[in-house]
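Below is one structure, written out as structure tokens; the observations come after it.
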Amino acid sequence: MSNKVVHNFYAGPAVLPASALKRAAEEFYDFAGTGMSVMEISHRSKQFEALNNEAQALMRELVDIPENYKILFVQGGASLQFGMLPMNFLTKDQSADYILTGGWSEKAQKEAKLFGNTKVPFSSKETKFNRIPKQNELNLDPKAAYVHMTSNNTLFGTQWHYIPEVGNVPLVADMSSDMMWKKFDVKKFAMIYAGAQKNIGPSGVTVVIIRDDFLAKCNPGLSTMLSYKTHAENNSLYNTPPTFGIYMLRNVLAWQKEIGGLAEVERRNHAKAKVIYDAIDAHPNMYKGHAEKDSRSTMNITWTMPNEELEKKFHKEAEALNMLGLKGHRDVGGCRASTYNALPLESAQALATFMHEFAKKNA
Ligand SMILES: *Cc1c(COP(=O)(O)O)cnc(C)c1O
């Protein structure tokens, strides 16, 4: 383990649990008694197959994923899912609903337009994506092929705090930046996808959870690797999967289980977000939260400051305290603290303390 104390607020790839890294270091040269690292063994070996199954089983247990859902580990990031989803489930004579709550939602919609029509039940673009819609603001199309939502908006710092009712239309969620931040009702979704590198692992592996009846509707005639059916029918082992990524994902999930499951992960996430939001709210002349209060994200906390000079000073002093990755996304400006699952409470507390002191000194 590194002895240098850093507070890692990067938005992604992001902080991983120290115990998951330590385990990887210990097992690096000898995975599961093979005398080789996990990167050096066949993905058809019984050791890797066991690992692949263990990662799936852990996720199934932690989230409580019913048996009629497949868990897939694929490559290409969440960005490839933006394209695969409409490629598999939309046709030229159909329309899909895209709820626009941030830049990632817009990118997802852009891909869908290549394969069919899209409608927008709600967009908060006019107010710089600072909020999540209420149920009664959703102008849903009952004939849509599916409804797409982004559960947490990484750039703008907003998050859904309820699962919308969409009738009989399949609901699909991009959970890349808040996957497994707490327990949620998988049964409300036809499909969920998440790039692992924010909340549950390293880059290179993307999780897809897909319900069997939705899977059955995949469009035929797709390139083999771009069809969900290929990955579902082959337990994600049609071709060589991202073996080290899956290994790290397993370590992260094992850590979640060890600390008490998603109830404990959620408790920690609320505690971390609270100290930082409290610091923002305590100094309204210095920090202005970007998100409306009831849309605030527990994963990405965004705020602006009175002027660029103060912002620069803030970033410089934070960096000197080894608080890294606090620069806001260019679409919002200001600051963003990502407080993903693996961020220790101490880091959130250190940032909050610094924010209080900075506000007092520069009042
Ligand atoms: C980061 C992110 C993406 C893009 O993920 P890649 O794995 O880099 O393609 C998509 N959606 C959300 C919500 C994200 O935070």
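Sequential numbering of the sequence shown, starting at 2, is according to the working numbering. Ideal Cβ placement from N, Cα and C applies to all residues, glycine included.
Residue state for residue 163 is assigned as coil, using DSSP reduced to three classes. For residue 96, DSSP records a beta bridge to 118. When C-alpha distances from residue 179 are compared across 155, 205, 258 and 173, the shortest belongs to 155. Residue 88 and residue 6 have their C-alpha atoms roughly 45 Å apart. Counting other Cβ atoms within 10 Å of its Cβ, residue 112 reaches 16 or more and is therefore classed as buried.
DSSP, reduced to helix, strand and coil, places residue 215 within a helical segment of the structure shown. Excluding residues up to 5 positions away in sequence, 219 lie with their Cβ nearer than 6 Å to the Cβ of residue 230 in the same chain. Counted as a single uninterrupted DSSP element, the alpha helix (DSSP H) harbouring residue 248 occupies residues 244-259.
Taking residue 215 as reference, the option from 148, 327 and 163 with the minimal CA-CA separation is 148. Under the criterion of beta carbons closer than 8 Å, residue 293 and residue 131 qualify as touching, at roughly 6 Å. Residue environment: residue 157 is assigned as buried (16 or more neighbouring CB atoms within 10 Å of its CB, all protein chains considered). Residue 277 and residue 127 have their alpha carbons spaced roughly 26 Å apart.
Using a Cβ distance threshold of 8 Å, residue 18 and residue 256 count as a contacting pair. The shortest CA-to-CA distance from residue 346 to any of 361, 271, 330 and 364 is the one to 271. Taking the Cα positions, residue 244 is about 22 Å away from residue 85. Closest option to residue 105, judged by alpha-carbon separation, among 287, 332 and 239: 332.
Within the same chain, and ignoring the five residues on either side of residue 227 in sequence, the residues whose Cβ sits closer than 7 Å to its Cβ are 85 and 88. Shown here for residue 13: same chain residues with a beta carbon closer than 6 Å to its own, the five before and five after excluded, namely 198 and 199 in chain order.
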